[in-house]
Ligand code: MRU
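In the numbering used here, the protein residues as written are 571 to 927.
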């Protein structure tokens with residue numbers, strides 16, 4: 571394994587993003603010089619995946635601070651408030667976006683209450699954005715370790731969408747982190763990647779990044795998983811999440827719920843891997859999670875090729891919610907949480923023990 575995919579980076583010129591819309595056929599980096607550019611990058615899916623969106627938003631706030639001209643801290647507060655609103659309006663489901671913006675707000679308030687100058691606060695914000703990025707990579711490393719221990723040697727794991735390095739701060743990923751963790755522990759693991767219509771994150775991104783790390787991957791269309799599970803071809807399902815409610819209901823890419831129902835039908839463990847920044851204790855159940863609806867052309871077209879008749883009615887829900895009773899375990903950087911999740915997730919938030927190396 572190369573373990574070297576990092577989709578978002580901070581540089582002197584701005585935020586660098588690997589343009590995920592072009593993968594796997596082109597590897598092109600964009601330089602985003604303003605917070606508005608970062609917001610567009612998130613909205614237009616240059617970067618996607620809940621933790622990667624959070625890291626990008628934190629850098630977006632740092633960029634807004636960097637380009638502020640002036641010496642009055644209250645004026646900077648106003649500018650950051652506006653930038654945060656623009657960034658928050660990009661994608662509604664991934665809670666990491668709001669989590670990162672809130673944390674940056676708290677960092678600003680800490681600087682202001684300590685009487686720091688505008689330039690000192692700018693540095694504080696950049697340092698915290700970088701810390702959010704580093705902590706995310708470290709969380710994925712621990713998820714890989716804990717989750718890898720759950721997978722069996724010589725097993726085949728099915729995953730949906732892309733919950734890999736590309737979808738996070740980088741290196742491991744969440745669901746793909748669990749798979750990388752098992753491989754790192756010396757286990758032979760093969761992956762079945764759902765193509766994940768309509769945006770094809772599985773075909774374009776998961777297949778690409780697993781091949782980069784020499785992990786065997788077989789691509790299937792979304793409607794093949796039941797047939798393969800019935801034949802005994804899947805030993806575990808591992809997915810990521812965009813937002814987990816306090817009771818363990820899991821929002822993830824559209825189609826995840828169908829996979830969970832199938833896994834349950836066939837007695838296959840269904841694991842969810844996500845950092846605690848994806849767990850929203852303010853959502854009591856999955857019913858409280860806002861579900862993004864996206865443009866109709868994602869369904870009627872593949873890239874520029876029209877598939878469906880003009881004017882056909884279209885639904886394009888980007889996410890669905892898997893009820894907690896279908897979830898075998900939730901793997902976070904604090905360990906493996908099992909039902910009842912209201913209790914186990916709360917305990918993980920309370921746990922402050924130092925993470926193992
Ligand atoms: O619409 P996307 O590509 O941003 O959706 C991504 C997913 O659904 C991922 O599974 C989720 O964000 C977890 S990423 C570690």
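The beta-carbon is built from N, C-alpha and C at its ideal position, and this holds for glycine as well.
Distance cut-off 7 Å: residue 858 Cβ against heavy atoms of the ligand MRU: The count along the chain shown starts at 1 and reaches residue 858 at position 288. A distance criterion of 7 Å places the beta-carbon of residue 858 beyond contact range of the ligand MRU, judged by its closest non-hydrogen atom.
Is the beta carbon of residue 673 less than 8 Å from the beta carbon of residue 667? Residue numbering aside, residue 673 sits at position 103 when the chain shown is read from its first letter. Residue numbering aside, residue 667 sits at position 97 when the chain shown is read from its first letter. It is not a contact, given that the beta carbons lie outside the stated cut-off.
Integer Cβ distance of residue 634 from residue 653, believed to fall under 8 Å: On the chain shown, residue 634 is found 64 positions in, with the first residue counted as 1. On the chain shown, residue 653 is found 83 positions in, with the first residue counted as 1. The distance from the Cβ of residue 634 to that of residue 653 is about 3 Å, consistent with a contact at the 8 Å cut-off.
DSSP three-state label for residue 838, please. Taking the first residue of the chain shown as position 1, residue 838 is located at position 268. Reduced to three states, the DSSP call for residue 838 is coil.
Give me the residue from 783, 900, 777, 781 with the minimum Cα distance to residue 791. Here residue 791 corresponds to residue number 221 of the chain shown, with the count starting at 1. The option with the nearest alpha carbon to residue 791 is 777.
Does the region 824-832 touch the region 867-874, meaning 3 or more C-beta pairs lie closer than 8 Å? The region 867-874 vs the region 824-832: no contact.
Would you kindly check if the distance between the Cβ of residue 646 and the Cβ of residue 688 is under 8 Å? Counting from one through the chain shown, the residue named residue 688 turns up at place 118. Counting from one through the chain shown, the residue named residue 646 turns up at place 76. Contact: yes.
Residue interval of the beta strand (DSSP E) (run including residue 680): For this step, residue 680 is matched to residue 110 along the chain shown. Counting along the chain, no beta strand (DSSP E) covers residue 680; the unbroken alpha helix (DSSP H) around it starts and ends at 665-683.
Figure out for me which residue from 720, 617, 917 has the closest Cα to the Cα of residue 805. Translated into positions along the chain shown, residue 805 becomes position 235. In this structure, 720 is the residue among 720, 617, 917 with its C-alpha nearest to the C-alpha of residue 805.
Could you name each continuous beta strand (DSSP E) segment of 3 residues or more that falls completely within the region 688-751, going from the start of the chain to the end? Counting whole runs of 3 or more residues, the region 688-751 contains the beta strand (DSSP E) stretches 725-729.
Between the beta-carbon of residue 898 and the beta-carbon of residue 803, is there less than 8 Å? Locating residue 898 in the chain shown gives position 328, counting from the first residue. Locating residue 803 in the chain shown gives position 233, counting from the first residue. No.
Check residue 591 in the structure and name its three-state DSSP category. Position 21 of the chain shown holds residue 591. For residue 591, the secondary structure class from DSSP, reduced to helix, strand or coil, is coil.
Measure the alpha-carbon distance for residue 890 versus residue 825 and round it to whole angstroms. Counting from 1 along the chain shown, the entry for residue 890 is found at position 320. Counting from 1 along the chain shown, the entry for residue 825 is found at position 255. Each residue's Cα considered, the two are about 7 Å apart.
Local Cβ density within 10 Å of residue 801, reported as buried at 16 or more and exposed below that: Position 231 of the chain shown holds residue 801. Classification for residue 801: exposed.
Using only the heavy atoms of the ligand MRU, determine whether one of them is closer than 7 Å to the beta carbon of residue 822. Position 252 of the chain shown, counted from the start, is the residue given in the question as residue 822. For residue 822, the CB falls within less than 7 Å of some heavy atom of the ligand MRU.
Could you give the uninterrupted runs of the alpha helix (DSSP H) lying entirely in the region 576-646, keeping only those of 4 residues or more? Complete alpha helix (DSSP H) runs here, min 4: 605-613, 620-636.
According to DSSP, which residues form a beta bridge with residue 919? For the purposes of this step, residue 919 is taken as residue 349 along the chain shown, with counting starting at 1. Note: residue 919 sits in no beta bridge, so no partner.
Measure the CB-CB distance between residue 706 and residue 910 and report whether it falls below 8 Å. Position 136 of the chain shown, counted from the first residue, corresponds to residue 706. Position 340 of the chain shown, counted from the first residue, corresponds to residue 910. Against a cut-off of 8 Å, the Cβ pair of residue 910 and residue 706 comes out as no contact.
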